[in-house]
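For the protein sequence lines, the chains are W and C, in the order given.
Be aware that the first sequence starts at 1, since it is given in the working numbering, and climbs by one per residue.
Be aware that the second sequence starts at 1001, since it is given in the working numbering, and climbs by one per residue.
Written below as structure tokens is the structure these notes are about.
2 protein chains.
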Amino acid sequence: MDPREEETTPPQQIPPAARRHAESALTPADAARYDARFASRAAGIVSSVMRDLMSLAERPDIISLAGGFPNTESFERRVFDDVVEAVARDHLASALQYGPTEGLHELRERIVEMMAEGGAAADVDDIMVTSGGQQAIDLSIRTFVDPGDTILAEGPTYPGAVPSFTTYEARVEHVPMDEDGLRVDLVEAALDRLAAEGRPPKLLYTIPNFHNPGGVTMSLERRRRLIRIAHERELIVVEDNPYGWIRFEGDPLPTLWELDDGAGWVIHLSTFSKILSPGVRVGWIAAPAAVLRKMNLGKQAQDLCTSTLSQRIVVEYMRRYDWRDYVARLNAIYRSRRDAMLRALEEEMPPEATWTHPEGGLFLWATMPPYIDTTDLLALAVEKYEVAFVPGRGAFLDGRGGDSMRLNFSGVDEATIAEGVRRLGLAVAEMTELHRALGGLT
Amino acid sequence: MDPREEETTPPQQIPPAARRHAESALTPADAARYDARFASRAAGIVSSVMRDLMSLAERPDIISLAGGFPNTESFERRVFDDVVEAVARDHLASALQYGPTEGLHELRERIVEMMAEGGAAADVDDIMVTSGGQQAIDLSIRTFVDPGDTILAEGPTYPGAVPSFTTYEARVEHVPMDEDGLRVDLVEAALDRLAAEGRPPKLLYTIPNFHNPGGVTMSLERRRRLIRIAHERELIVVEDNPYGWIRFEGDPLPTLWELDDGAGWVIHLSTFSKILSPGVRVGWIAAPAAVLRKMNLGKQAQDLCTSTLSQRIVVEYMRRYDWRDYVARLNAIYRSRRDAMLRALEEEMPPEATWTHPEGGLFLWATMPPYIDTTDLLALAVEKYEVAFVPGRGAFLDGRGGDSMRLNFSGVDEATIAEGVRRLGLAVAEMTELHRALGGLT
């Protein structure tokens, strides 16, 4: 089930010449010499807990509820074959060549059509293709945030965005969520306070749909109010929308981009990772032209252009197949896995634990009794019970999140989810017992 | 011939909803509001002249000697079909999935084997896969350079690295080259001077083989001396080696990585762009583990991982085919194109003009009589004579390069090169005539 299991096959024969370097490996004392030379952005960068766990989750004996792997096993081989055949027949030399930094024009047209179907109007010139949704986040922060600048983000926020926040040395002010998503009333309060402190935020980073890791969705009323605030206060809102189409129930809500209606205060980020494949690494940014121009220069520096082969594969796929059929198939799978997880949590978790009930996306957020530290719990869960999750601290920059965890329900099947949550319940019970024995509970 | 020609086909039908945004496009006054909000790294970033010209060169009537397009037309369809068939059969779900940030283990093994064949010993743990050679450059600068830090680079330096230098606000000190590459004696002088000024450089960025844009190669003696300096002065050397295998004549020289012999002062960058395809966007960094760890965090923030599909395609290609056969085929093509360009320059350029005679790579560097400004020349050349090149200023950060230009000989065939250089000669002659008429020559 783990997509990188095959990576654990024994390494092939390495030529003898290659051994020399390994033998002359640096001692820790040697390595220390680099420390003084790293840029402060590199010295300060905090690893995404999520990514560190991906190497942990590679152990085949571990049930991983940690990663954010979409189900790529449902992608049909005959579709892939048909798409690459079209690429090879009609576009081989250009698919293997460099392309424009902003992305293939035909792909940007397809993206405009997709957005229009969701009600969001955009022009081809509003769109820049990125190397996955991660680059869209990184370019947004790179373009606006100087070291020490303040930004607003939900608390918890997307753990994968944390390395970009720390790289560019942003000061992150978390704004809480509830079951209706971001507490927009508290955004206003934060803006007032930060203005008084002389450090108005450069931007608000938010995931309105099926928040990662929060598992909640911003209500329509709050979306409208947030856009009103953005317009009145001239606040740039970075709307990260990787999961918008991954809805299992309820009606789709307009994006912040749509509600902004061309006023230019919303930068919209999305990706093909969840609706087609993360392995192709194709995402996009919709933004006003003046912003996109700066982001284009940042992307030139980062990777010149997104894989032309990947882009061409996405174009030919979108042209030949109805992506909504595939997404509908994925959603049916994820819905049933989410239900399996909710059922298992109900059965296995102590009564003081709570969790969110996502209407879509890949994750839910579970909060343990306050005496459980989920970072400690992870060590126990992995070592003794062979189950992994993302501990909550990776989703905060202020040390909070110690009682919470992110659970993924897209990556493994129902039976594995049930077994994983059962093991997690045993780990929680053991820590509860330990706490009780130490006199923490009466 | 231009790989993005197909991109100029008329846009497809755009849904009516999408038009609204274009109509409400921002006025320049509206756009100005973003200026105050950009990070200073974004405000200061200078576009790579090379990339700006790529959009110019898209005009089908222009003969472009500007871009750095490898010849992807020689890649055989049956090879591509065979490789993607293997990917689809054995690895489809994992090729469409996320992968580890450092790259697929099997690909890193192939890279170690390739490097060993060139005499450079490395361990799999010394290797990180990147999204093309550009990301390898960007991560190197991101990891070491704080705003205001000094770095050394050849003058001229790679125009594509300039946006990374400016993004991270490096102060670039250019060190001249001659026909034997970087003037390593002047590196020592620069180190002395900069130490006296209290700003020792964080690193030296160099392209020893078939320099882009210089077209020259660092001699073995200078390589040895540079490594001695690096060891004595504790200078980090970033060796960018995208063209190492693209040699038409003369014996291969050891890389700086090889000469460093595991001492840890060289960071080696390379790419599959010139030996397989730039469209797959797969490159790599070889570096000491302590450095790679920081770069891995930077890559997590930038794009999580390089396209797994691209990586898998490279692995299956390397496993099934002898990449050296393909490179030999490319080298035969490039050699004959280089010869065509050298012949044409001899015929068409005025006697005061000089140019380098590359033993490999994709580019040569031509210097015009001092009264010709190549930025002005480019405007005339494109408008009236329909030929494009990269003006020399894009390869300097100190305003120099106005009398020089980079010419690419890999992207178009011999007849087109001859015609392109003929047109260039006409543009130079017209500017010379104008200069004479204005009394600049007696």
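Glycine residues also receive a C-beta, built at the ideal position from the N, C-alpha and C atoms.
Given the structure is predicted, the values throughout are model-derived calculations rather than measurements.
Which residues mark the beginning and the end of the beta strand (DSSP E) in which residue 1420 (chain C) is found? Element bounds for residue 1420 (chain C): not the beta strand (DSSP E) but the alpha helix (DSSP H), 1414-1437.
Chain-ordered chain W contacts of residue 1294 (chain C) [CB-CB under 7 Å]: 38 and 42
Which of helix, strand or coil does DSSP assign to residue 1373 (chain C)? coil
Could you check where the alpha helix (DSSP H) with residue 1163 (chain C) kicks off and where it finishes? 1162-1167
If contact means a Cβ-Cβ distance below 7 Å, which residues of the stretch 1269-1280 of chain C contact chain W? 1277, 1278, 1279 and 1280
How is residue 1117 (chain C) classed by DSSP in three states: helix, strand or coil? helix
Measuring only the C-alpha atoms, how far is residue 383 (chain W) from residue 59 (chain W)? 11 Å
Residue-level contact to chain W via CB, residue 1169 (chain C), 8 Å cutoff: no
Within 9 Å of chain W by C-beta, residues of the stretch 1180-1207 of chain C in sequence order: 1202 and 1203
Less than 8 Å between C-beta atoms, sequence neighbours within five positions excluded: which residues of the same chain meet that for residue 375 (chain W)? 391, 393 and 402
For residue 136 (chain W), the nearest candidate out of W:365, W:285, W:360 and W:433 (CA to CA): W:285
8 Å is my cut-off, CB to CB: does residue 129 (chain W) come that close to chain C? no
Would you call the CB atoms of residue 381 (chain W) and residue 366 (chain W) closer than 8 Å? no
The stretch 259-276 of chain W touching the stretch 125-134 of chain W, judged by at least three CB pairs closer than 8 Å: yes
State whether the stretch 1146-1163 of chain C contacts the stretch 1297-1316 of chain C, with contact taken as three or more CB pairs (one from each stretch) at a distance under 8 Å. no
Residues of its chain near residue 1077 (chain C), where Cβ-Cβ distance is below 6 Å and the 5 sequence neighbours each way are ignored: none
Please check the pair residue 334 (chain W) and residue 389 (chain W), which I expect to be a contact at CB under 8 Å, by giving their CB distance rounded to whole angstroms. Not a contact, Cβ separation roughly 17 Å.
Starting from the beta carbon of residue 1081 (chain C), find every residue of chain B whose beta carbon is closer than 7 Å, and list them in chain order. This model lacks chain B altogether; the protein chains it does include are W and C.
Would you list the residues sitting across from residue 1238 (chain C) in a DSSP beta bridge? C:1205 and C:1267
Where in the stretch 107-155 of chain W do unbroken runs of the alpha helix (DSSP H), each at least 4 residues long, occur, reported from the N-terminal end onward? 132-144
How would you label residue 1303 (chain C), buried or exposed, when you count the other beta carbons within 10 angstroms and need 16 or more for buried? buried
Taking only three categories from DSSP, how would you classify residue 1406 (chain C)? strand
For residue 143 (chain W), go through chain C and note every residue whose CB falls closer than 7 Å to its CB, in chain order. 1038, 1039 and 1042
Segment contact flag, the stretch 1291-1300 of chain C with the stretch 1080-1096 of chain C, C-beta cutoff 8 Å, min 3 pairs: no
Could you spell out the range, first to last residue, of the beta strand (DSSP E) harbouring residue 1286 (chain C)? 1283-1286
What does residue 72 (chain W) touch in chain C if you count any residue whose Cβ is under 7 Å from its own? 1093, 1096 and 1097
By Cβ distance below 6 Å, which residues in the same chain neighbour residue 1317 (chain C) in space, the five residues on each side in sequence not counted? 1083
So, is residue 1021 (chain C) buried or exposed, given that buried needs 16 or more other C-beta atoms within 10 angstroms? With a pLDDT of only 45 at residue 1021 (chain C), under 50, the local geometry of the prediction cannot be trusted, and the value read off the model is given with reservation. Buried is the call here.
Between residue 1304 (chain C) and chain W, is the shortest Cβ-Cβ distance under 8 Å, so that the two count as touching? yes
What residues in the stretch 224-239 of chain W bring their beta carbon closer than 8 Å to a beta carbon of chain C? 234 and 236
Residues in its own chain within less than 8 Å of residue 377 (chain W) by CB, not counting five upstream and five downstream? 368, 391, 405, 427, 428 and 431
Buried or exposed: which applies to residue 1250 (chain C), given that a residue is buried once 16 or more other Cβ atoms fall within 10 Å of its Cβ? exposed
If the criterion is Cβ atoms closer than 8 Å, does the pair residue 355 (chain W) and residue 362 (chain W) meet it? no
What three-state label does DSSP hand residue 1307 (chain C) in the structure shown? coil
Are there three or more Cβ pairs, one per stretch, closer than 8 Å when the stretch 1035-1044 of chain C is compared with the stretch 65-76 of chain W? no
Which chain C residues sit within Cβ distance under 7 Å of residue 163 (chain W)? 1297, 1300 and 1301
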